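J.:
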Amino acid sequence: MSLSFDPARLNLPRGHFIGGAYVAGADALELTRPSDSQPLAAIPVADAATVDHAVNVATKAQRDSGWGSGTPRDRTRALQKWADLIEAHATELSQLEAVASTRLISQLPGIDVAVTAEQIRFFAEMADKEGGALVPTRDASLGMVMDEPYGVVGAITPWNFPISMAGWKLGPALAAGNAVVLKPSEMTPFATLRMAELSVQAGIPAGLVNVVLGDGRTTGNALTGHPGVGKVSFTGSTAAGSAIMENIARHGVKPMTLELGGKSPQIVFADADLDLAARLIAGSIMFNGGQACVAGSRVVVAAEVADELAARLVALMRPVNPGPSWLAETGYSPAISETQRGRIDSIVQAGIAAGAQALIGGAPMDRPGYFYQPTLLVDVDANNPAVTEEIFGPVLTLQTFTDEAQALALADHPTYGLCAGIYTRDLSRAIRVTRAVQAGTVWVNRYGRSRDHILPTGGYKSSGLGKDLGREAYHANRRSKSVLIDL
Ligand code: NAD
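Residue numbers for the sequence shown follow the working numbering, beginning at 13 and rising by one.
(1) Would S309 and G302 be called neighbours here (beta carbons separated by less than 9 angstroms)?
(2) Does the separation of the CB atoms of T387 and G405 fall below 9 angstroms?
(3) For the ligand NAD, any of its heavy atoms closer than 8 angstroms to the Cβ of R262?
(4) Any chance the segment 427-440 sits against the segment 273-282, with 3 or more Cβ pairs inside 8 angstroms?
(5) According to DSSP, G273 sits in a beta bridge with which residue or residues?
(6) Between which two residues does the alpha helix (DSSP H) holding Q213 run?
(7) Give me the Cα-Cα distance between D283 and D438, rounded to the nearest whole angstrom.
(8) Rounded to the nearest angstrom, what separates A112 and P56 at their Cα positions?
(9) Leaving aside the five residues before and after T446 along the sequence, list all residues of the same chain whose C-beta is less than 7 angstroms from its C-beta, in chain order.
(10) Cβ of L182 versus every heavy atom of the ligand NAD: is any distance shorter than 8 angstroms?
(11) Determine whether the beta carbon atoms of K479 and E160 lie at a separation below 9 angstroms.
(12) Using DSSP with H/G/I as helix, E/B as strand and the rest coil, what is W94?
(13) Is V69 helix, strand or coil when you go by DSSP?
(14) Can the beta-carbon of S49 be found less than 9 angstroms from the beta-carbon of E350?
(15) Decide if Q213 is buried, meaning its Cβ has at least 16 other Cβ atoms within 10 Å, or exposed.
(16) From the DSSP output, read off the bridge partner residues of N222.
(17) Kindly identify the DSSP beta-bridge partner or partners of C431.
(18) Just the C-alpha distance for E42 and P51, rounded to the nearest angstrom, thanks.
(19) Less than 8 angstroms separating the Cβ of V164 from some heavy atom of the ligand NAD?
(20) Please classify V306: does DSSP put it in a helix, a strand, or coil?
(21) Mind checking whether L225 and K195 have CB atoms under 9 angstroms apart?
(22) If the criterion is Cβ atoms closer than 9 angstroms, does the pair E198 and D227 meet it?
(23) Could you check where the beta strand (DSSP E) with Q418 kicks off and where it finishes?
(24) Give me the residue from T200, V495 and V390 with the minimum Cα distance to A315.
(25) Candidates A451, E401 and T412: which alpha carbon is nearest D424's?
(26) When DSSP labels each residue in this structure, what does K493 get in the three-state scheme?
(27) Do G335 and Y344 have their beta-carbon atoms positioned less than 9 angstroms apart in this structure?
(28) For V127, I'd like the list of residues in its chain whose CB is within less than 8 angstroms of its CB, leaving aside the five on either flank, ordered along the chain.
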């Protein structure tokens, strides 16, 4: 059966999802389909009163259902059932995602949905395996560290991988015993709403998973500043992460995890397998139209192999079947919006004005939707805007080095430190450079996550604070209480 579908026949969920039911709101934001720039739907924007209602519903549900205080294995079972339901509804969720976002229907069931279901299972299994500790004290007293959920976690997700990002937030927060109020990106809310609905069907008590729709300024601010939200979990841009820190500080103090922007280097040494490096570098910058936080957008290559690598990249950076995200044969994604495509182009043009040369690309594509040509910029120095700015599009820059010290200096970004790729056959150098590079994740002779959810993810510098995935994400959703009992 073909994965292609007719977007006009989709039934989009309407309204916020609070306490296990849809709650209507006045249409306030018009959404457009990125693949063909046609109108999609309108969504409401939750104001402070709606967010307050959602947080109160979540607080009561978390307390009254015993979700965080009952048998942890019950959480495991309910979350596993939810993961099964997500997989069983892979087609429906994929369609809801494809129509609004840049994710392709050919990739969604096997990547976004499958990985999300497995991540939820990973966190479900932690619920009854991680706990507090008895700690050494004198015999006349008993020292314990108890750990507990926060109560309500406020989560905010971006538009680039909406299903996966909802999974990153909901899986560990729920497994750790919390309720969640989640604000998805205002551009891509539909699959997240349906996931929330499925959580109730799985037996997760109504009110544990709530979704409020809206923008950052109104809904996001109301959520992060709400006194009933015990912890904030955010994925998005560094600018928004910084605004969230400021907003939280204005309202008090609370813990937060922030997964933010990146401008990750791909360091290619002269002894590297150039075919492998070129394939992975081109794949990383073309995947989802370059709209991935981990996109390896800065190539830093040994001067003696730079021309060979550039020639391979030019050959590989050809968009395969750009087209609507709802057609199975489409292989290349648009930018999410006209604004985003304009931003990509303005940075590319500024880069060219500053001396860069486009070996390929350098302009929007002449077709419906917000497509941008895969672009490779050479002759860039460290101050070129195309090197310094997170473009979030299919744009690579290429810089050359003559020794390892210079490679590391070029790889280092003043602001970001999310990921780095290293290509070499020299094991000692691989480990030396891995240790020296300023990034929260390093991939050697590969580029991209595996499906080992045990590996935490998070940035150095302004790429983030704290970790998602791994044991770290579970523990980030619990807080500890120190107890001393005199016997
Ligand atoms: P964005 O920061 O514009 O928006 C992300 C989310 O935050 C949206 O839901 C938005 O409505 C909300 N938001 C915006 N301002 C806010 C505020 N002041 N208070 C509360 N909420 C606010 O980012 P985007 O354009 O949706 O996504 C792209 C960005 O996300 C890129 O910078 C990318 O690198 C980053 N990202 C990072 C990771 C990671 O794991 N580090 C993963 C995916 C995306």
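Even glycine gets a Cβ: it sits at the ideal position worked out from N, Cα and C. The structure presented is a predicted model; accordingly, all values stated were derived computationally and were not measured.
T.: The answer reads as follows:
(1) A contact, by the Cβ cut-off of 9 angstroms.
(2) In this structure, T387 lies near G405, with their beta-carbon atoms less than 9 angstroms apart.
(3) Not under cutoff, so the answer is no.
(4) Output reads yes: the segment 273-282 touches the segment 427-440.
(5) In the DSSP output, where bridge partners are listed per residue, G273 has none listed.
(6) Taken as a continuous stretch (DSSP letters only), the alpha helix (DSSP H) holding Q213 covers F202 to Q213.
(7) Whole-angstrom Cα-Cα distance: 8 angstroms.
(8) Cα-Cα distance, rounded: 16 angstroms.
(9) Correct list, in chain order: I434, V454 and V456.
(10) Incorrect: L182 has no Cβ contact closer than 8 angstroms to the ligand NAD.
(11) Contact flag unset, no.
(12) Three-state result, W94: helix.
(13) Residue state for V69 is assigned as helix, using DSSP reduced to three classes.
(14) With respect to E350, S49 sits close: the two C-beta atoms are nearer than 9 angstroms.
(15) Q213 sits exposed, since fewer than 16 C-beta atoms from the chains shown fall within 10 Å of its C-beta.
(16) Bridge partners of N222: V193.
(17) According to DSSP, which records beta bridges pairwise, C431 is partnered with T453.
(18) Taking the straight line from one Cα to the other gives about 7 angstroms.
(19) For the ligand NAD, not one heavy atom lies less than 8 angstroms from the Cβ of V164.
(20) Three-state result, V306: coil.
(21) In this structure, L225 places its C-beta atom within 9 angstroms of the C-beta atom of K195.
(22) Between E198 and D227, the C-beta spacing is below 9 angstroms.
(23) If you look at Q418, you'll find it isn't in any beta strand (DSSP E); it sits in the alpha helix (DSSP H) that goes E416 to A423.
(24) It is V390 whose Cα lies nearest to the Cα of A315.
(25) Of the candidates A451, E401 and T412, the one whose C-alpha sits nearest the C-alpha of D424 is A451.
(26) Judged by DSSP in its simplified three-state form, K493 adopts strand.
(27) Closer than 9 angstroms, so yes.
(28) Cβ-Cβ distances below 8 angstroms link V127 to S176, G179 and R463 in the same chain, with the five nearest sequence neighbours on each side left out; the list follows chain order.
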